[in-house]
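Asks:
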Amino acid sequence: MTSLASPLDHSVAQPAIDRWLSRFYIHAALIACLILQRFGIMLGGSALFVSLPLFGMLLVAMVVTRHARLRPGATFLYLLFASIALIGCLIAIALPDARFGISLASLAAVLITYGLAIFGPSRRFDRAATVDLFLLYMRVISVLGIAQWVIQFAGVRLFSFMLTVPAMRPILVEHQFNYDPIMHYGSTIRRSNGLLLLEPSIFSQLLVFAIVLDYFVCGRARWLPLYLIAYVVTFSGTGALALMLAMPFYACLSVRNFKRMAGFIVAGAIAIAAAAVAVPDQFAAFTSRTDEIQYSGSSAYARFIGPFVPVADFLHEPRVLIGYGPGATERYDYHVEGTGNSVAKLLIDYGVVGLLSFLAMLIGTLWRRDIALMSLVALTTFLIGGGYLLFTPMLVLSFLLCIWSEEKSASQERTAREPEITAAV
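Sequential numbering from 1118 applies to the sequence shown in my numbering.
1. For tryptophan 1266, which residues from the same chain have a beta carbon less than 8 Å from its beta carbon, with the 5 sequence-adjacent residues on both sides left out?
2. Looking at the structure shown, is glycine 1232 part of a helix, part of a strand, or coil, going by DSSP?
3. Looking only at its own chain, which residues have a Cβ that is under 7 Å from the Cβ of isoleucine 1328, when we skip the five neighbours before and after it?
4. For glycine 1173, which residues of its own chain have a beta-carbon under 7 Å away from its beta-carbon, when the five flanking residues on both sides are left out?
5. Pairs of beta-carbons, one from the region 1221–1237 and one from the region 1197–1212, closer than 8 Å: are there three or more?
6. Can you tell me whether isoleucine 1319 is buried or exposed? The criterion is at least 16 other CB atoms within 10 Å of its CB, across all chains shown.
7. Is it true that the CB of threonine 1192 sits closer than 8 Å to the CB of isoleucine 1258?
8. Specify, as a first and last residue, the run of the beta strand (DSSP E) that isoleucine 1158 falls within.
9. Could you tell me which residues DSSP pairs with isoleucine 1299 in its beta bridges?
10. What three-state label does DSSP hand leucine 1315 in the structure shown?
11. Near serine 1353, which residues of its chain fall below 6 Å by C-beta distance, leaving aside the five closest residues on each side in sequence?
12. Helix, strand or coil: how does DSSP classify serine 1492 here?
13. Among Tyr1467, Leu1358, Arg1244, Leu1221, which one has its Cα closest to the Cα of leucine 1493?
14. Arginine 1549 by DSSP, collapsed to three states: which one?
15. Indicate whether leucine 1360 and valine 1334 have their beta-carbon atoms separated by less than 8 Å.
16. Which residues in the same chain as phenylalanine 1499 place their Cβ atom closer than 6 Å to its Cβ, once the five residues preceding and following it in sequence are excluded?
17. Counting Cβ pairs closer than 8 Å, one from the region 1501–1518 and one from the region 1145–1158, do we hit at least three?
18. May I ask you to list the residues that DSSP assigns as paired with phenylalanine 1166?
19. My assumption, with CB atoms under 8 Å, is that glycine 1440 sits in contact with aspartate 1466. Please give the rounded CB distance.
20. Give me the Cα-Cα distance between serine 1459 and leucine 1253, rounded to the nearest whole angstrom.
21. Less than 7 Å between C-beta atoms, sequence neighbours within five positions excluded: which residues of the same chain meet that for leucine 1203?
22. What residues in its chain sit with their C-beta under 6 Å from that of serine 1522, if we drop five residues either side in the sequence?
23. Whose CA, out of Arg1136, Phe1242, Gly1190, lies closest to the CA of arginine 1183?
24. Relative to the C-alpha of leucine 1438, which candidate in Leu1250, His1144, Ile1208, Met1159 has its C-alpha closest?
25. Is the beta carbon of leucine 1490 less than 8 Å from the beta carbon of leucine 1479?
26. Would you grab the beta carbon distance between glycine 1311 and leucine 1261 for me? Rounded to a whole angstrom, and I think it's under 8 Å.
27. Using a Cβ-Cβ cut-off of 8 Å (strictly less than) and excluding sequence neighbours within five positions of cysteine 1519, which residues of its own chain qualify?
28. Roughly how many angstroms separate the alpha carbons of leucine 1160 and glycine 1444, rounded to a whole number?
29. Tell whether a beta-carbon distance below 8 Å holds between isoleucine 1132 and alanine 1185.
30. Return the bridge partner residues of glycine 1237 from the DSSP annotation.
31. Can you list, in chain order, the residues of its chain with a C-beta nearer than 6 Å to that of tyrosine 1296? Leave out the 5 residues immediately preceding and following it.
32. Rounded C-beta distance between serine 1163 and arginine 1448? I'm assuming under 8 Å.
33. Where does the unbroken alpha helix (DSSP H) through tryptophan 1266 begin, and where does it stop?
34. Which one or two residues does DSSP pair with leucine 1289 in a beta bridge?
35. Secondary structure at proline 1283, three-state DSSP: helix, strand or coil?
36. Quick check on the burial criterion: 16 or more other C-beta atoms within 10 angstroms. Buried or exposed for serine 1304?
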């Protein structure tokens, strides 16, 4: 005779099922943002990354399985921005400016993308593995990135999927990015992009995420040499710049933070001095990029100067308060292709009011006091990363790490009990 399962059996099995499902969701999100970062399709000149629909489907699944719930505060800030953006769009339609065009698809893309952030983990979602699994993926990518850079000197260059396997081009979006990252014009040496990632600058930003989480959140230092070596072969300063911009704000939060930052800065200065002596050529390659912002053809100019050139022409106009409508930036008569900055686009499209409401929404979405430095780095990365307004691989990853990860105290406690993270897989 077969006995029925008791309520006690269900109470024991349910947490195990929840842990398994939570890890499945985390793995799927990380694969979409990291492993499949180059994959997507082009729609109307814009890239639709695989991470957007995949994370959307994961959220639907998590809501159905009761592992996700609405976040009231984030939902309120999202609806506030959406209302302001819609009002600005209606005004742009009713009172068009001949210098600009508008795009309802642009507004829809923004609202859909940031609508993903109004959901967060329920009590059934196991947040313990989020950071550890991200760090595991980043360690693998770090090793791949170092190997990628080294083997190019043996004649093996694996920096672009579409150049390596041309048949994959229709399902790749890498041609929109720096897919052939040479050191400088005329050079035959490429900078590492981590093999799986789109650009060296993105690799450098994700390595900074890993350093912040591993060292400042989890309190581990053993993996820092791997991250730092991988960072060196990116020859990119974007990640370091994001960290440097975040550090002063983090230091101001408490005396303890100030002391940690002071020690970190001293250690960094020593490491820089040692690098200048030990590897002068590589150090010179980094420092030679510091003045590229003054050259109009450089990536730094395209991120930080070019996008704000048209903004200066509009600051005296009353319309700057409400913007010129969604998609106006790219449809401006004098828009220069290749320039992009999220703040400049938000200011032109949605005005000062829209920009402020968006920043309130973004800060409210990403801010957590217990992992303050991670939240700050995610924010500074968004601000300086270029066209990150709809760059869903980085946005979804920021949502995952800032919303779906466990409390810092629990993470440090578990790190002390379990030195190795591989058990979390």
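Glycine is no exception: its CB is placed at the ideal position from the N, C-alpha and C atoms. These figures come from a predicted structure and were not determined experimentally.
Replies: Quick look at the numbers:
1. Arg1307, Arg1308, Ser1309, Val1350
2. helix
3. Leu1341, Tyr1344
4. Leu1233
5. yes
6. buried
7. no
8. 1157–1160
9. Arg1307
10. Three-state result, leucine 1315: coil.
11. Pro1317, Ser1318, Ser1321
12. helix
13. Leu1358
14. Residue 1549 lies beyond the range of the chain shown here (1118 to 1542); nothing can be said about it.
15. no
16. Tyr1505
17. yes
18. Gly1157
19. That belief holds up - the Cβ atoms of glycine 1440 and aspartate 1466 are roughly 5 Å apart, short of 8 Å.
20. 30 Å
21. Within the same chain, leucine 1203 has no close Cβ partners at all.
22. Arg1244, Thr1247, Val1248
23. Minimum Cα distance to arginine 1183 is reached at Phe1242.
24. Ile1208
25. no
26. 6 Å
27. When the five nearest sequence neighbours on each side are left out, the beta carbons in the same chain lying within less than 8 Å of the beta carbon of cysteine 1519 are those of Thr1482, Leu1483, Trp1484, Arg1485, Ile1488, Met1491, Ser1492, Ala1495, in order along the chain.
28. 14 Å
29. Reading off the sequence, residue 1132 comes out as proline, not isoleucine. For proline 1132 and alanine 1185, no; Cβs fall outside 8 Å.
30. Within the DSSP bridge table, the entry for glycine 1237 names Arg1186 as partners.
31. Ser1277
32. Actually they are not in contact, since the Cβ atoms of serine 1163 and arginine 1448 sit about 13 Å apart, beyond 8 Å.
33. 1246–1268
34. Phe1156
35. Here proline 1283 sits in helix by DSSP.
36. exposed
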